[in-house]
Every structure is written in structure tokens, then in C-alpha cells.
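S.K.: Starting off with a structure, shown below.
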Amino acid sequence: MIFIQDFLLSPIKDLKFPSQKWTPQILEVQEPLIKVQQVPNRLYIRPIYYELNIPSSIQSIYLRKGVYLRIKKALEILPRQYSFILFDGFRPFQVQQSLFNLFLEKTKMQHPELTEEEIFQITLKYVAYPSIEPTRTSPHITGGAIDLTLGDANGNELDLGTKFDEMNEKSATRYFEDHPEENVAALQNRRILYNSLIHVGFTNYADEWWHYDFGNISWARRVNEQVVPYGPVLAELENNDVKEFQFI
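Numbering (the numbering used here), first residue to last: -13 to 234.
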């Protein structure tokens, strides 16, 4: 029998999109990026974009130290029968550009009836525009964003209702709160993932159950912080990994 703390099964609250009318100030603390290592039965590393051969993708997952420490705290809350499976963390600008272009072309093929602007807006819903500008820094470029799912102790993905990066309404974090009869297992698993991460300070992007932020502009807008510690990070790549990085 699996013991799950009651708060982990609490319904996911209404996730309102943050206002874009103001931009928090970035005061870069130069907290290092660290390479995340697997923790047997608890934390699995699966660099999804490297596996998919996305141009310039990296074979390791890097996170700001503060983000990694919060994941460790969340694992202390998570029942031992569960694990986190990390798909992505720090994302070099080159990879963000490749992903945006890939999803843009995919959307064009799926919706030939739409205008260029409509296609652009749909793409933006699932992939941040590649930018290192202080007012619109892409979340993953800061090292303060993670993409992950819930797994069992052996690293097998659990049912979250959709595949990672699936572009449809069911990927919205609260979808099964409004349609619980469709997939009870996915409803529970999303609650466990959400509540374990929110409890340690992360925020969630409402259109993607797998995406969480801490310390970047997206996070600050959701929690009404005026100053953020994580700005953009530039990386020099070598052999599909980070050779060195610098804060800007």
C-alpha cells in the first residue's frame, strides 16, 4: 500500500495566466549551473531533445543550483514508490531557436487553414520565443525552468494523460480537474506532481503539466516578485554538451 500525504492529492487550483504588463527586474546572482546526476529509484535523467536529435541539443541536464536543491526537497515529500523523470532543464539559445522553428513548421502543417499570425500565436503557447532580452528572456535559457514527469521507482513513466510536448487542450495542467471522469489515474498523478513541486517554491505553466519554473521572469510574474535572481545564460557547446557558460 502506498502512503500519500493528503496535501499531495489536493485539487490543482485555478491557474491564472500572469499579466505581461510589467516585467520584473533581473538582478543576476550568478548561481552556477550544475549537471544533474541520476539518483537510483528517485531521479531519472532523460534528455529528450538529445534523444530526438534536435539540432544543438545537449546530452546532459543542467539546472541552477537553487532549482536542483528544490527538486531534492520535493523528492523528500514524494512517496518512495514514485520518482521524477527530468526531460529538460537549462536550454541553450541554439536549442530554443531550433525547437521554436520545429514547432512553428509542425503547426503550419497541422493547420494549413490558419494565417501566419495565428500559427505564430499557437506556437508561442507551447514554445517560448527564443530571446535573451531582459524583458522577455526564454524561461529555459535561465536554467530556472524544468520539464519533467512522474515515474515509478524503476523510472517508468506514469500516466499523466498526454505525452510530453503534446500540443492540445489535454496538456493543460488542470484539464482533468474539469474532466475527472476521463482519466482518474492522470488526475491523481498530475496532482501529486503539481503539489510536490509547488510546495517547495516552483510555479507551473498552465498550458503544460510538465513545465515548472523557479527564479526566472515567468516565475516572478506568477508570484508577484519584483526582482528575479536568474537571467539568461549563454553556453558554448562542444560534443553535444556545455563546455562553458557565462551570465549576461
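Here a beta-carbon is modelled for each residue, glycine too, at the ideal position from N, C-alpha and C. The structure displayed is predicted, hence computed values, not measured ones.
Please classify R50 as buried or exposed, where buried requires at least 16 neighbouring CB atoms within 10 angstroms.
M.R.: Classification of R50: buried, given that the 10 Å Cβ count is 16 or more.
S.K.: For G129, which option in L(-5), L38, L(-6), G52 has the closest C-alpha, if you only look at C-alpha atoms?
M.R.: G52
S.K.: Find the nearest neighbour of Y216 within the set D199, E224, N225, judged by alpha-carbon distance.
M.R.: D199
S.K.: What did DSSP end up calling V170 once you bin it into helix, strand or coil?
M.R.: Looking at V170 - three-state DSSP - the assignment turns out to be helix.
S.K.: For the beta strand (DSSP E) containing L90, name the first residue and the last one.
M.R.: Counting along the chain, L90 falls outside any beta strand (DSSP E), though it belongs to the alpha helix (DSSP H) covering 79 to 96.
S.K.: To the nearest angstrom, how far is it from the Cα of V186 to the Cα of I178?
M.R.: 13 angstroms
S.K.: With a 10 Å radius around its C-beta and 16 neighbouring C-beta atoms as the bar for buried, classify I124 as buried or exposed.
M.R.: In the sequence on display, residue 124 carries Ser and not Ile. The residue is buried, with at least 16 neighbouring Cβ atoms inside 10 Å.
S.K.: Identify, in the order they occur along the chain, each residue of the same chain with its Cβ nearer than 6 angstroms to the Cβ of A245, setting aside the five sequence neighbours on each side.
M.R.: Shown here, the chain extends from -13 to 234; a query on residue 245 therefore has no answer.
S.K.: Compute the beta-carbon to beta-carbon distance between L85 and I40, rounded to the nearest angstrom, for a pair I have assumed lies under 8 angstroms.
M.R.: 6 angstroms
S.K.: Could you please give the first and the last residue of the uninterrupted beta strand (DSSP E) stretch that includes Y48?
M.R.: 48 to 50
S.K.: Which residue wins for smallest C-alpha separation from I118, given the options I(-2), N190, I234?
M.R.: I234
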